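Down below is the structure, laid out as structure tokens.
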Amino acid sequence: MPNTPELVWLDNLTPKSTRFDDTYYSRQNGLDETRYVFINGNKLPQRWQQGEAPLIGELGFGTGLNFLATWQAWLSVQNQQNKHISQTSNRPSIEKGTHNASKLTFLSVEKYPMPKQDLHMALSPWPELEPLGAKLLALWNPTYIGWQTLHFGAVTLLLFIGDAYEGLLTIPHSIDAWYLDGFNPKTNPELWSLDLLRTVSEASTPNATLASYTAAGWVRRNLQEAGFTIAKRKGFGHKRDMITGTKTISHIS
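Residue numbering for the sequence shown follows full-length UniProt numbering, starting at 1 and increasing by one per position.
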């Protein structure tokens with residue numbers, strides 16, 4: 001059996017891990033935070049619009065909010081493109097690179113999966129995600145250890161339940177865009193260690209991008225040593241900074 005999260009609920013809405021003394025998402029607006037930090041931080045809408053289909057990797061599946069928000073954003077771009085094609089009668093652009101741009105693949109690792117009822121409660125503040133969330137909940141199996149594949153038509157979620165390092169060592173695809181969304185580095189330093197971030201780098205394609213809500217100095221230095229160029233930008237809400245990055249070194253000694 002996998003480890004279970006130790007949760008308390010703030011204001012009966014926001015889940016907080018007592019193990020790591022950190023909330024699962026911003027108390028200001030977790031959905032807006034996801035869009036700002038991860039989706040826009042990796043410039044995913046622009047990449048989708050250009051016909052790219054970046055494989056997305058995530059450290060910390062948590063509530064599934066990042067996955068559902070990404071699915072929603074991808075659908076929006078698909079709908080816009082289909083509308084444009086219908087209006088102009090142009091043929092759709094074919095895939096760029098090796099992935100089909102009409103498909104979304106999202107890989108994530110999670111050591112402490114939420115029970116279904118907690119996952120449902122954690123997503124309840126965003127009714128706009130409910131149709132997608134219902135599909136996720138219908139297939140949710142937090143007791144399965146290892147990699148599992150959840151199919152939602154053109155969208156595929158590959159979820160690893162277990163230790164992040166083990167998941168990264170056995171990851172089935174190289175990643176084009178990373179969401180580094182582990183708990184606070186102060187209370188969960190293992191997920192931001194140099195060894196683990198080197199494994200992230202090794203699981204990345206050339207020029208892979210990343211984004212994270214944390215701009216802690218030692219995390220930035222670890223990412224740089226792992227082969228990423230890192231830049232600070234304005235953080236979401238009350239947070240002063242966040243980071244984005246691009247892989248620039250192919251082989252790490």
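Quick reminder that beta carbons are idealized off the backbone N, C-alpha and C, glycines included. Being a predicted model, the structure only gives us computed values, none of them experimental.
Ignore the nearest five residues each way along the sequence and tell me which others in residue i's own chain have a CB closer than 7 Å to its CB.
i    : result
A164 : L59, V109, K111, L191 and L196
T187 : F20, D21 and D22
N3   : K111 and Y112
K239 : Y213
P127 : none
I94  : Caution is warranted here: a pLDDT of 36 is assigned to I94, below 50, making its placement in the model unreliable, and the coordinate value is therefore given only provisionally. Hits under 7 Å: none found.
Y144 : I161
Write down the C-beta distance between residue i and residue j rounded to the nearest angstrom, noting that I regard them as a contact closer than 8 Å.
i           : j    : result
F236        : L157 : Not quite, the Cβ-Cβ distance comes to about 24 Å (not below 8 Å), so this is no contact.
L194        : N222 : 5 Å
K226        : R198 : Note on identity: in this sequence residue 226 is Ala, with Lys being the wrong assignment. The Cβ separation is near 5 Å, so the contact holds.
residue 254 : W140 : The question about residue 254 has no answer, for the chain in this structure spans 1 to 253.
L65         : L159 : The pair is not a contact, with the Cβ atoms about 14 Å apart (cut-off 8 Å).
Note the first and the last residue of the continuous beta strand (DSSP E) segment covering residue i.
i    : result
S174 : S174 -> no beta strand (DSSP E), and no H or E assigned at all.
S108 : L104 to E110
G57  : I56 to L59
M242 : D241 to K247
Report all residues from its chain with a CB closer than 6 Å to the CB of residue i; omit the five preceding and five following residues, and keep chain order.
i    : result
A231 : T244
G57  : L107, I175 and W178
H173 : L55
G41  : A211 and T244
Leaving out the 5 sequence neighbours to the left and right, which residues in its chain are closer than 8 Å to residue i when beta-carbon positions are compared?
i    : result
I39  : P45, A69, T70 and A73
D118 : P5, L7 and P15
K43  : T209
W9   : P15, K16 and M121
T246 : N207, A208, T209, L210, F228 and T229
Within 10 Å of its beta-carbon, does residue i have 16 or more other beta-carbons around it, so buried, or fewer, so exposed?
i    : result
T138 : Checking the sequence shown, residue 138 turns out to be Ala, not Thr. Counting Cβ neighbours within 10 Å, A138 comes out exposed, since fewer than 16 surround it.
R220 : buried
T105 : buried
K234 : exposed
L13  : exposed
S201 : buried
For the alpha helix (DSSP H) containing residue i, list its first residue and its last residue.
i    : result
Q28  : Q28 -> no alpha helix (DSSP H), and no H or E assigned at all.
Q148 : Run containing Q148: none in the alpha helix (DSSP H); it sits in the beta strand (DSSP E), G146 to F152.
Practice task
Pair every Cβ in the stretch 128-148 with every Cβ in the stretch 17-28, then say whether three or more of these pairs are closer than 8 Å.
Solution key: no
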